[in-house]
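Heads up: the sequence shown at position 145 corresponds to 145 in UniProt numbering, and the numbers run straight through without jumps. The block underneath contains the structure these notes are about, expressed in structure tokens.
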Amino acid sequence: MDAQLPHMLRSDARDNRDRVLEAARSLFSEQGLGVPMREIARRAEVGPATLYRRFPTKQALIDAAFADELRACSSIVHANCADPDPWRGLTVIVREITELNAANQGFVDAFVSSYPGAFDFAAHRADMLRALTALWRRAQRAGALRPDAVVDDLILMIMAARGLPPGPPSLRLAAARRFAALILDSFRAAPTTSPLPPPARLPASALAKA
Numbered sequence: 001m002d003a004q005l006p007h008m009l010r011s012d013a014r015d016n017r018d019r020v021l022e023a024a025r026s027l028f029s030e031q032g033l034g035v036p037m038r039e040i041a042r043r044a045e046v047g048p049a050t051l052y053r054r055f056p057t058k059q060a061l062i063d064a065a066f067a068d069e070l071r072a073c074s075s076i077v078h079a080n081c082a083d084p085d086p087w088r089g090l091t092v093i094v095r096e097i098t099e100l101n102a103a104n105q106g107f108v109d110a111f112v113s114s115y116p117g118a119f120d121f122a123a124h125r126a127d128m129l130r131a132l133t134a135l136w137r138r139a140q141r142a143g144a145l146r147p148d149a150v151v152d153d154l155i156l157m158i159m160a161a162r163g164l165p166p167g168p169p170s171l172r173l174a175a176a177r178r179f180a181a182l183i184l185d186s187f188r189a190a191p192t193t194s195p196l197p198p199p200a201r202l203p204a205s206a207l208a209k210a
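The following block contains the structure:
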């Protein structure tokens, strides 16, 4: 038992850190960057001392949460660009990136607006574009992706997904899934009869802004 204790403590520390970052991204998305640290600790179900031990300042937490967001995006792209089936890899990327954006878009927008020079976004985008372009070409050579589509269409889709309506997480997730399915159908070389995900029932306020 004594030999296992350090490993258990490290595992608990990682779990606490992950819960804090997940809670922070969620609350920053819902309420902006001004959300109190104590509220983040409550959402993560950790004590304030645990929170401050991992992240001594609010800025350190904001920076770590955004770095985690970029890593999540990069992980989705690179893991699925390596899929031997390029259409399957592209499908997962479109779905998961759209859902990631829907979950944390408010946080990303707030961070970029407040700290425009904090991260090397150009290098991140260039890395993503190289990987996606290679996958795109493989999908076209396999005959799964329509030949007149270009990778810029995928970038346009990702940009458009940033305009999903605000609202409860369940609504945003439903809208993201429906949107991703419609986009994938437009990219597919051959028509499909697969059913779409359930529609998102948008509030009248969202429709008024369209």
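All residues carry an ideal CB built from backbone N, CA and C; glycine is no exception.
Item                                                                           : Value
S170 burial status per 10 Å Cβ neighbour count (16 or more: buried)            : exposed
Helix, strand or coil at D18 [DSSP, three-state]                               : helix
C-beta atoms of K142 and P86 nearer than 8 Å                                   : In the sequence as displayed, the identity of residue 142 is Ala instead of Lys. Yes, these two residues count as a Cβ contact at 8 Å.
Beta-bridge pairing of R188 - partner residues as DSSP gives them              : L145
Beta-carbon proximity of N104 to R25, cut-off 8 Å                              : yes
Distance CB(F107)-CB(F28) smaller than 8 Å                                     : yes
Status (buried if at least 16 other CB within 10 Å, exposed otherwise) for Q59 : exposed
Sub-8 Å separation of A41 and L33 beta-carbons                                 : no
C-alpha distance - P191 paired with V20, whole-angstrom precision              : 43 Å
Residue range of the unbroken alpha helix (DSSP H) whose run includes A110     : P86 to S114
Residue-chain proximity (L90, chain D), Cβ-Cβ < 8 Å                            : Included in the structure is just one protein chain, with no chain D present.
Reduced DSSP category for P197 - H, G, I as helix; E, B as strand; rest coil   : coil
Contact the region 58-77 vs the region 111-125: 3+ CB pairs below 8 Å          : yes
Distance CB(A181)-CB(L164) smaller than 8 Å                                    : no
Alpha helix (DSSP H) segment containing E69, residue limits                    : K58 to C81
Contact check, R172 vs L196, beta carbons under 8 Å                            : no
Rounded distance between the beta-carbons of L70 and H124, thought under 8 Å   : 6 Å
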